[in-house]
Each structure stands twice: as C-alpha cells, then as structure tokens.
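Protein chains in written order, with our numbering: chain A, 27 to 659; chain B, 27 to 659. All C-beta atoms in this analysis are idealised placements derived from N, C-alpha and C, irrespective of residue type, glycine included. These numbers come from a predicted model, not from an experiment. The block underneath contains the structure these notes are about, expressed in structure tokens.
There are 2 protein chains.
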Amino acid sequence: MKTMQQIPAKAYHSSGFMGKYQELVRREMIPYQYKVLRDEAGNAEKSGVFANFINAGKTLRGENAEPFYGMVFQDSDAGKWLEAAAYSLAAHPDEQLERECDELISLIAAAQDEDGYLDTRFTISDRDKRWTNLLEAHELYCAGHLMEGACAYFDATGKREFLDVMEKNAEHIYRRFIVEKAEGYPGHPEIELALMKMYRATGNRHCLELAEHFINCRGVDPCYYEKEKEKRDWTVWGNNPVDHDYQQNGKPVREQSDAMGHAVRAVYLYTGMADLAAETGDSELFAACRRLWESIVNRRMYITGGIGSTVHGEAFSVDYDLPSDTAYSETCAAIGLMFFASRMLENEINGEYGDIMETAFYNTVLAGIQLDGKRFFYVNPLEALPGISGVSPTHRHTLTTRPGWYACACCPPNAARLISSIGQYAYGEKGDTVFCHLYAAGDAEFSNGIRLRCETEYPYDFTVNYTVSGNGRLAVRIPARCGKYVIRKNGNNISPENKSGYVYIEISDGDTVTVELNDAPRFVYASEKVPALTGKAALCFGPMVYCFEGVDNEGDVLSLSLDTSENASVGEYDKTLLGGTRKLTAKGFRREKQSSLYSSEAPKKSPCELTAVPYALWGNRGENQMRVWLNIG
Amino acid sequence: MKTMQQIPAKAYHSSGFMGKYQELVRREMIPYQYKVLRDEAGNAEKSGVFANFINAGKTLRGENAEPFYGMVFQDSDAGKWLEAAAYSLAAHPDEQLERECDELISLIAAAQDEDGYLDTRFTISDRDKRWTNLLEAHELYCAGHLMEGACAYFDATGKREFLDVMEKNAEHIYRRFIVEKAEGYPGHPEIELALMKMYRATGNRHCLELAEHFINCRGVDPCYYEKEKEKRDWTVWGNNPVDHDYQQNGKPVREQSDAMGHAVRAVYLYTGMADLAAETGDSELFAACRRLWESIVNRRMYITGGIGSTVHGEAFSVDYDLPSDTAYSETCAAIGLMFFASRMLENEINGEYGDIMETAFYNTVLAGIQLDGKRFFYVNPLEALPGISGVSPTHRHTLTTRPGWYACACCPPNAARLISSIGQYAYGEKGDTVFCHLYAAGDAEFSNGIRLRCETEYPYDFTVNYTVSGNGRLAVRIPARCGKYVIRKNGNNISPENKSGYVYIEISDGDTVTVELNDAPRFVYASEKVPALTGKAALCFGPMVYCFEGVDNEGDVLSLSLDTSENASVGEYDKTLLGGTRKLTAKGFRREKQSSLYSSEAPKKSPCELTAVPYALWGNRGENQMRVWLNIG
C-alpha cells in the first residue's frame, strides 16, 4: 500500500521561485534544446537526434539513409526533451510546441520496426547487433526515456500515439526477456522506473512484470555481462564487464547495502526498486532501498545533495570520500537522487526524503543551469580554482564556468524535465490527505478534490501561506534543520503533531494555513570522518548552501576563514543580483599571502567581512574562485 | 668555472645516522636486490635482469636463448645495483660482493654487440627495432644507468672492464647521433647526466659532446616523437608523442621555465643541464636551470621535498596543486631533486640547494624505505587513510603500508645507490675550501689534502663537531630555518660571515670547529596560494617533517587540530622507537565525531596532547591513519 502518490505534473501551476525556473525552461531551455536536437543551434555540438529518427525510418522503408550520428544513447535525448515539452504544454498550452512534439513523435513512430523494436542506432545499421550488448548499448535505457516521454505526453495532451508506440516497444521487450526468456538486465538502469510509469499510464501488467523482472534478476548472475561479452565481437567503449561495483550487479539488489558504481545508474535503479516496492508492498525490497538510501545520505553525499564523488566512472567512491575540488557530483545524479527520494516517500512518509530532495534541487540541480538557461554544468565541484580547476590532470573535469551543449547531453534535458514537472515532487496525496513535500508557490489540484494555493517567497523567505479549497488534511514537511516553527490556521496559532517531519492539519474549505519556519543563516559542520572537511564549516540559509566567490571577496577566497562564533547576517532580497537573490555576510579573517611556499612564520590574519551567494548561482559572473567550505578561525 | 665539485663517494666513511642507513643498504638492500635481479628472492616479483644479459650474450653467440623478460628498461636495474654495490665496496671491501659484481659485469660485456650497442631488449630479439622508438624504448636511459654504474665501479675498484664497455657504448651512440646525425633525443632523460660522469671518468670528449648534443637538441624540433611514431609500426605503452609537457620537449630547454611532465625525467634532465652548465660555464643554460629550480621549490614541491604531485603521468601538476592525500611524490623524483640540487651547487654556492637536498633526503627518500630495508614506497602521500587510500579510485596509488619489490623496480635500487654515495652530496671542495652541504657524521677526505671528522647525532641533535686535518677553509651550510646558531673554533665562539647560507671558517691542522644550530620544533605554514593547505600547519624538527599517526593518537588523527600558540616539545631519543628516533608532542584539540554526516551543531572539542613521529618513519607500525598537515585551532 502506497503511503502517498505523486500528483501529475499538470496538476500544479507554478508561481514564485519555481515559476521563474519553469519559465526559464519553457522560454529558453525547451526551444534551445529543440534547435539542438535538429542540429540548428549554431554554437552547440551536433546532436543528430532528429536526423537519426528520420534515417531509421528511411532504412525501414528501404530508402537511402545517412549513418547514425552521436552516442549510442542519442535517442534518449528525444525522450527527455519530449517529456519536458509535455510537462510544459500541460501548464502552458502552446500550439507550435505541440506541433513540434507531434512531428518528432511521428518520426519516432516511423523509426519503429514491425516487431516493436525501437532504437535508431541498431536500425539504421548493425541490425544483427540488437540486444547483443546490454552492458554498453543502452537500448533499454533509450527505451526507458522514450517511455517516460510517452507517459508525460499522454498525460499532458491525451494523445495516445506515442504511448501506443512505446507500449508496443514494451511488448517487444516483454517477449524477448519474459516469453523467450532471454538472459540479461539493463547496463544503464532506467527502464525499470519507466516501466512503472508505463504500467500506471496503460494498466498493462506486462510493464509491471517486466520492471519486476529486470530488478529481480539483476546481480543474480553477476557474470551475465562477461558471458555476453564473450559472445560478441564488438564494443562501444570497451567497458570492463567484470566491474560489478560499477554495474550494481555484484549481488541481487535485495542484498545490496552500499551505494556503488556509476551514480546516475545507481539512483535510477534504486528509484525503480522503490517504486516497485511501493506498488507491490515488497518489504524486503524496501529494506534494501532504505539501506542504500542511508549509505548515500549518511556517508556518500555532498552537503549540496550531490552524489558520485569521483570522476572515475562518474561514480560513488567509498564512505566519507567527499573531496570538494575534484568532486564529480553530476547534475543528473542529483536529479536521480530526487527521483529516488520521491519514490521513497511512496513507501514511507518521512521528512528526511523531502529534506534531501530540496537539498539536491536548490543546490546541485540548479547549479547545473546558467541563469540564461543556455549553458550547463555536468560536474558540480564545491571548490573551483582558476589555474587548477579544468587544468590540473586530477581536475580536468571540474570547470569554472558553464559550457554550452555537450556531445554527451544528458544533464540539460534532464534538468528541463525535472523542473517542468517539479509539482510531482512538491505535492502528493493519499485519501483525504494532501502532502506538501516542497514549498512550491502556485496552485495544486488533487484528485481528492482539494485545491491548494501556495504563496511564498521560499527559498528566500520562510513564510508559506496555503489557501485551501475542499476538506481533508494538509500534511506539510517541516525541514529537520528548523528547530522552531509556527503554524497558524485562519490566523490562530495551532500546534499540530509533528510526525516524522510532517505536521498534519485538518482543513476545511476556505481555510488559510500559514507555516513560518525559523530559518536563519547557519553554519554547518561535516562529520570528522570526512577527511576533506575536517575543521571546516559551510554557510547555509534555508535549503540553500551558500558559497564564497572571489568576485564578492576581493578576488581571493583561499585566504579566508570563518568566525563561526559570530552569526552571519542576511542581505535584503536584491533583484539585480544574479537574477534575484539574497547575499549573506559573515565575520571571518583574511590571511596575508606568504611569498614563500613554506614558512615558519604564521601568516598574519586580520578580521574581515565575508560575502556569500547561493551555490546554485555560482559561476555566473565570469571565471573566479569559489569555495563552499571554509576553515574556521 | 665550477663553484665546487663533489667528492667521490669513496672519500666519505660514514658513521652516525648516515652510517646506519648505509649499513642498511649494505647489509639488507644490496644483498636482497642481488637476489631479486637473479630471480632468487622468493617473495619478490620476477626481475629477469641477470637472465636477460645471459640471454643477450647467447643470442650474440648464436646460441638458443630465452625471450627477454620484464619492462623495456629492465637493464637499468643492473646499472643501479652495480652503482650501489660499487659505492658500498669503496667504503667496505667485500670479496664476495666484488665477485658478484664482476660476474654481472662479464655478463653485461658479453651482451654488448660488436658495434658497441648494448640493450638486452633489442639484442635478444627485435634487432631491427633498435633506435626506432626513442620515445618509449629507454635504450638511452638504460645506457645512462649502466654508465653511472661503470663510473662508480671504476672509481671504487680501479677495474676498467665495465668502464671500457660503456665507453664503447658511448662511442656507438656518438657515431649514431653525432657522426651519422641521426635525429632524436632521449624519451627518458638520464644519459645526459651519465655522459657527464663518463666524461669525467674517461676524459673522452665525445661523452661531453654527446651530453651537450642531447640537451641542446631537445625540443628544438618538438615534433620529433610524432615523426618517429609515424615511421614505426610498434609501441611499448602507446605513449602519446604529442604530449610535449610530459616529455619536456615543447621548446628548447634554454627557453623552459616551468617544471613540467614526468617528474623523474624532468629532474634527471635538469641535473644534466646543470652539470653541463657548470662544466662549460654556460650562463644561459644555468639561467634556465635556475628558473626551473624556482618553479619547483617555490611553487611545485611538497614540504617533504617530494615532487610530481599527480599520479597522471607521475608528473608535475600546475603551480600550487599540492594535495596531501592523492600526492604521487615518487621516491625517485625526490632522489632526482637531490641530484639537481647537488649540480646547482656546482654552479652557485647557495644554502638553498643544500636545504632542499636535506629536506628531500630526510623526508621523502627515507620514507621510501621500510625500516627493515625490504619493503618500499614509490608513492609518498602526506596523508594516508585506511578505507580511502589505496581503495578510492582517486587514491589507488597511495598505499598505507610499503609493499615489497615491484615489477617496475626503479625506486629501491635508486635509493640504495643514493644512500651508499651520500658522501658525494654531503661534501664538496674547491681549491683550499671544503664544503659541508649536509651534516653527515664520519670521515671525509678531500683531494686538497684536508680531512674532516664530523661527529654529530644530527638530525636528532644539532651540535656538529668537525675535527680538521690539514689547512684551508671550511664552508658549512647553515640551514635557512635556523635563525640563530653558534660557531666555535677550538672552543672559542667566532662569528664568521654567512654568505648565501654558508659560513666560511679558516682552518688549520688540528682545529676543532663546532656548529650549534638552534633547532627547536617549529610549526610550518604553507602559502595561502596552496588550496589544499589553507588554515593548516605542519610540525617540523630540524630537517625532518613530522607526522601524526593513529597508532600514537588514539587511533584517529582526523579529529585532531593543532594549537600553534603553544610550543611543541621534544622527547628524549628513544632507541626502541622506530629504530631510534625522538617523538614530538604538541598541544591541540580533539573533536567529537558527529554521527550525522552534516550538522549545524559545532563538534565539541577538548584540549589534548598530540604525538608526532618523523614522516620518514611512517607506516612502519601497521596500517593506520597518517597526516602531515593538521588544521589549526
């Protein structure tokens, strides 16, 4: 029995902070990404996504076709873009965008083989290589993203064509892996969570069975990929099939305890597992999810909600190995962590999930996006140092400014679909109870008939006003960081029970409920088990981690340290600063830079005022130093 | 005109601290390494060095031979071992060892081709590949090490056979690169400095010309290796010939300013350059050496004298990129830095060179060697953390305990030859002046007739007594770290001029000179330009950097910080501790470990006493945490 379910993306109409980002996605990211997919964005790397579907269709019709272009997972960008566009259409009908979507969907439909197979890489050529390289070839991954796009598009427009195409594709996969009992499981998990969406959209139990199958068989034969490799004479990247940690297949998923391997793959897998556990009430599977969750949030996660600390394999490292300067912390992995958290909420209402979801969102996910919506970080270090970052051999992956569209374009469309569907993560319901996991300004409608209007300047102000239409219960997450808070109903203070991080308030039509969080700037300390962070503090405000950039601090943050005995103070909201934000100022010290590399003279330090801005907004003012964690004293 | 010249290794008979290490080399390392080279050391990786020379000889005589075994530079281990053995023989005649050397030399002689070519890899087979891959094949590198061995053996024993073999080899190389004008320069510099030794041992000016040629032509055509690669159809490791930084060939050496690329190759090259500059008085070349020196010691060197901070290419990184936990800091690179420093002293008497030489020696070089002389670090991190070091993908190269002999066995024999010839680095002379660059207990003889007896417990005590035989001048380096010192001649305080870090004292037969350094434990701070070290301090005593190991500090050093406002104190010399050493104790704090990964509660800290031992001796008491740099406060 699910503890709650997400509302559809279309059931939320945003305003405020969320509205601003949804507008950025709608006005900038979706149109820009559309051009990219059509190879019409002049300064971006060639994508080939549209062209691949066109050429696959031509191949199927026996016409001359151009070769496949791009990465083996290129089709997935179509799925992610359509998913983002669908959510956007649901909130903002737009004939032209819908036409563009329909056109791409027609191309996708025409690229589907008679038997339901759909993947342009192995349709344009190499037909004999289909399904021979689950480890690397991403066929199930691409299918998963297209399925997610199809579900979103059906939900937004009611049009079935895309959903039908993907249901046919799901049946193809079902025949292969269930009916014909082909061995194997996805190299890059994703289809598991997508099949759960397909099951809910179509009611087709084959989708549920297939999701369950891929989850249950993973790691039962840890050597599947080795055997598969022996049978084939080709490779995509020469991946080592013996790296079971990287592949999350060292043992059956129910026996796994440590979050390991490629971080995006890991959290996509865990999301599918949690989704299935909630759907089927599988407590053993949920227990595994919980262990993996704790492994992440208690030992392997940055303060920013970033995960996957090492560039080697874009992967989780060992416990407490969380370097700031060489962090990988991929934007997509933080997005995946939000997925995982949201599915955990379907198993257990616990404020911790929402706390992590907003940490990942307000910090790593948003840091991935330039304020203009046209440039993106894949890698989100917690320290950036011109001259070292991007240059030193160990820091090549950590850039100091966001580049444009990459050849491997996973993060920008992933961020676009997440933001345009943020209502799903912000709100849920069960019976007559509506859940507010995130403070997302705007209007939300629930299938139980309740409507909420949420007004707030969160994350820069901590008063949240709900206006209720309908009767039932309102469950609002109170962040664990807020020791004190005030709840008012219709202007009167009330003291509802706080149960696992949620306050539950009886609501009647016309009620107003106000939540006032006591959120002041605070210093945060890492466990002394994290070698990179001993003796340091970070400065946070609300859900946002702040950072110190050179541009606000005389061009140098390396010589700064914090005086944590003095409270930091908050600036007024400044709409001219970084698209609108509030600065923090803290007391601290600046040390004189020694000319010699080592000296037995302690560097002279003098008191100074330090300025911090949200980590989400760093790198928007040219190349300069950035640090999240500063030394104390 | 040289400012001074090294004394021969045999002119120094060690006692005290140096004597202890020379004994370790003589009693343990040389015999152990001999067994390794003969594949008779049971637990070591197979070496094949003896076998390769035997098989090359057989091939030349038309007999059946086994294939070549090992790395392409395997022959160099013979050169390094013979060099170490030669120095040891000079100080400690040993018939059996001399017989073993002679036997190996006969094998080497028999492996030399008629035309003087000598490299078992391309003699046993692949004769047609000779000289076709200077980038990777290490023929000139192996020749260099064998030349160094030959010079040392001639010097120690007066026997010419090995020297004649290598002079014939030098003539072969001379014909190829000078007479026949073959293009190219060494992929791994080493022969340049070896040819300078050959020139001094044989007086053969072809050796000098050849050294000069390789130095002068390096980088004049930066694309030499690319052209070479196009002409060949084989590779050793698939090295990228376009990586000019790695290869130190982006521009002519006289135009280079930043120490770059593979650290051992770099300092071997710079050593050859400095040697040539001193020999020929080439001021432009010396200016380049000085720039490169400053690049290293002012911006790219660990406090331990370790260089080459990144595992990627075992190379120098960019300025100030000096991470403690992922440091590469190869033992051989620190040895090479000592070579470079000693040759700089031949150009310019400046205490800085000796300061760096002893820093590298007493810290990184000695840290490379287990106290039993049988296990070795190649990589010398400044922080070791069981659970992360050796395990995390970014820390795989940093081990917490010393392993035995490696397949790539460069460091152990390199340390052996350095230690057994330490007198060369400790003492020098020019005219009637004798130089003491290092405080090395024992007896030194100079060609000017002066003899010195040096008595000291340095580096654990800072009184150094010299007893003089002969007349002239004594020049003693005063470390820059010692602000105060006392000099006594025949019991009376004197105040000789301190000129560039050396005090010059007139000496007559029978004089005693005492140098008392004011060396107390001191905290050292890095420039705030080093991101990894901001807000931290290290604890040093004399030339030794100390470190904090878990075994002395309740099993955990991560939660420790230093109170640098209180002086550290020195324990008595304890001969039972780590083979004999002095502990330091400092005041500081221990923080309570938080159970949560991040918390806004500052961790409680309580005052405590911290114990430190010399970094050179870390990792000798099992696996445990180690940190050189601690936070302050």
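With a threshold of 16 other beta carbon atoms within 10 Å, residue 346 (chain B) meets it and is buried.
Residue burial is scored here from C-beta neighbours: residue 51 (chain A) has at least 16 other C-beta atoms within 10 angstroms and is therefore classed as buried.
For the pair residue 355 (chain B) and residue 380 (chain B), the CB atoms are not nearer than the 8 Å cut-off. When DSSP assignments are scanned along the stretch 144-229 of chain B, the uninterrupted stretches of alpha helix (DSSP H) that are 4 or more residues long and fall wholly within it turn out to be 147-150, 165-183, 187-200, 217-228. The alpha-carbon of residue 167 (chain A) is positioned some 16 Å away from that of residue 142 (chain A). With its beta carbon at least 8 Å from every one in chain B, residue 569 (chain A) lies outside the interface. In the three-state scheme derived from DSSP, where H, G and I count as helix and E and B as strand, residue 81 (chain A) is classed as helix. Assignment of alpha helix (DSSP H) within the stretch 59-109 of chain A, counting only whole runs of 4 or more residues, yields 75-86 in chain order. Secondary structure of residue 438 (chain A) (DSSP, three-state): helix.
When rounded, the separation of the alpha-carbon atoms in residue 371 (chain B) and residue 527 (chain B) is 12 Å. Take the alpha-carbon of residue 595 (chain B) and the one of residue 312 (chain B): they are about 42 Å apart. Counting along the chain, residue 128 (chain B) sits inside the alpha helix (DSSP H) bounded by residues 121-136. With respect to chain A, the C-beta atom of residue 383 (chain B) has no partner C-beta closer than 8 Å. With the criterion set as a beta carbon lying under 8 Å from some beta carbon of chain A, the members of the stretch 309-335 of chain B are 323, 324, 325, 327, 329, in sequence order. The three-state secondary structure of residue 381 (chain B), taken from DSSP, is helix.
The shortest C-alpha to C-alpha distance from residue 240 (chain B) to any of B:280, B:540, B:144, B:185 is the one to B:280. Contact residues of the stretch 548-565 of chain A toward chain B are 548, 549, 550, 551, 552, 553, 554, 555, 557, 560, 561 (C-beta to C-beta distance below 7 Å). Ranked by how close their Cα comes to the Cα of residue 523 (chain B), the residues B:511, B:131, B:517 have B:511 in first place.
Counting every other CB atom within 10 Å of its CB across the protein chains shown gives residue 34 (chain A) a total of 16 or more, marking it as buried.
For the stretch 417-438 of chain B, the set of residues with a beta-carbon nearer than 7 Å to any beta-carbon of chain A comprises 417, 418, 419, 420, in chain order. The stretch 447-466 of chain A and the stretch 376-391 of chain A touch, with no fewer than 3 CB-CB distances between them shorter than 8 Å. In the DSSP assignment, residue 455 (chain A) falls within the beta strand (DSSP E) that extends over 453-456. The C-beta distance from residue 82 (chain B) to residue 150 (chain B) rounds to 5 Å, short enough to meet the 8 Å contact threshold.
According to DSSP, residue pairing for residue 520 (chain A) in a beta bridge involves A:513. For residue 531 (chain B), there is no enclosing alpha helix (DSSP H); the residue is found in the beta strand (DSSP E) stretching over 528-533. When beta bridges are read from the DSSP output, residue 587 (chain B) appears opposite B:615, B:657. The Cβ of residue 659 (chain A) sits closer than 8 Å to at least one Cβ of chain B. The alpha-carbon of residue 359 (chain A) is positioned some 9 Å away from that of residue 341 (chain A). Of the candidates B:414, B:452, B:260, B:414 places its Cα closest to the Cα of residue 651 (chain B). Here residue 162 (chain B) has 98, 213, 261, 262, 263, 265 as same chain residues with Cβ atoms under 8 Å from its own Cβ, once five neighbours each way along the sequence are excluded.
Using a CB distance below 8 Å, the part of the stretch 619-631 of chain B facing chain A consists of 619, 620, 621, 622, 623, 624, 625, 626, 627, 628, 629, ordered along the chain. Judged by their CB atoms, residue 92 (chain A) and residue 77 (chain A) are nearer to each other than the 8 Å cut-off. Less than 8 Å separates the beta-carbon of residue 302 (chain A) from that of residue 238 (chain A). Contact holds between the stretch 469-486 of chain A and the stretch 28-47 of chain A, because three or more Cβ pairs, one in each stretch, are under 8 Å apart. Under the Cβ criterion of 8 Å, residue 614 (chain B) is not counted among the residues facing chain A. For residue 47 (chain A), the enclosing alpha helix (DSSP H) stretches over residues 42-50.
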